Amino acid sequence: AFVELPPHANGLTTIYDDVAFTYVPRVVLESFTPTSVDWEGGDVVTLRGSFGSHGRVTCAFGTVKPITARVVDVDAVECVTPSRDAGLVDVGIAASGGFYERSSDVIEYVDDSAAPSGIDAAEDDAAPRVVALAPSTAFKNGGSRVLVHGSDLGRFIVLGGVSVPVASFVSSAVVVFEAPYGVSVGPIDVNDAVSGASFAYTA
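Residue 18 in the UniProt record's numbering sits at position 18 of the sequence shown, and the numbers go up by one each step.
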């Protein structure tokens, strides 16, 4: 059944027939760059528009979501692209757990896997590796800062398949990230299990 809710201020939670509703700000996605990315993922896309209070902004690339965004300024956030098949998909953004606002433009995933002439295709970049996390656990509601030791680390950590931007990049061997909200309590893969360390959410 559909219930018509009266207007309220953002962030206010009201209860109708024992069901809680939280009002969240509407987001507006005006543009994004670049418009072409590699199908293997890992590219940083900058999205511009109006994202309300910036309270937990997430992105969507086609059906792949949620992807944690890094706030750049009051009207811009960054999201790292997930891997998917080459082709065209729309881009979406949401704030505070609200609905995804989809773009009218599309982003193109391009397969550039063929090595250019004269370049050895076997010469791939080293995969990021995590060898230790401190602490190795975080509360499920998120917000804990975690120190990561490893090698070839970048600006994002993949936590349970979700790209999380690092809060502090010290070097390719040391970064700090802020644990996002956990879907469930228990162990979670770090950097898609290319790791010698363990991490888990607790209640």
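Glycine included, C-beta positions come from ideal geometry on N, C-alpha and C. These figures come from a predicted structure and were not determined experimentally.
Exposed is the label assigned to Asn141, since fewer than 16 other Cβ atoms lie within 10 Å of its Cβ. Bridge partners of Asp38 according to DSSP: Val110. Between Leu147 and Phe169, the C-beta gap is not smaller than 9 Å, which leaves the two residues out of contact.
Excluding residues up to 5 positions away in sequence, Val27, Leu29, Leu47, Cys59 and Glu101 lie with their Cβ nearer than 6 Å to the Cβ of Ile93 in the same chain. The segment 38 to 46 makes contact with the segment 67 to 84; the number of CB pairs closer than 8 Å reaches 3 or more. Going by beta carbons, Thr81 and Asp38 fall inside the 9 Å limit.
Leu159 is positioned such that its CB atom lies closer than 9 Å to that of Phe177. Annotation: Asp75 is outside any beta strand (DSSP E) and is labelled neither H nor E by DSSP. Cβ-Cβ distances below 6 Å link Thr35 to Ile107 in the same chain, with the five nearest sequence neighbours on each side left out; the list follows chain order. Distance from the Cα of Gly87 is smallest, within the candidate group Ser103, Pro180, Lys65 and Val110, for Val110. Per the coordinates, the alpha-carbon of Phe199 lies some 14 Å from the alpha-carbon of Val162. In this structure, Pro180 and Gly150 do not form a Cβ contact; the two beta carbons are roughly 19 Å apart against a cut-off of 8 Å. Looking at Ser171, Thr137, Pro187 and Asp105, the one whose alpha-carbon comes closest to that of Ser31 is Asp105. Taken in chain order, the whole beta strand (DSSP E) runs of length 3 or more contained in the UniProt domain "IPT/TIG" (128 to 191) are 129 to 134, 137 to 139, 145 to 151, 156 to 159, 162 to 171, 174 to 178 and 186 to 188. Between the alpha carbons of Ser50 and Asn191 lies a gap of roughly 31 Å. Judged by their CB atoms, Ser103 and Asp90 are nearer to each other than the 9 Å cut-off.
For Thr33, the three-state secondary structure derived from DSSP is strand.
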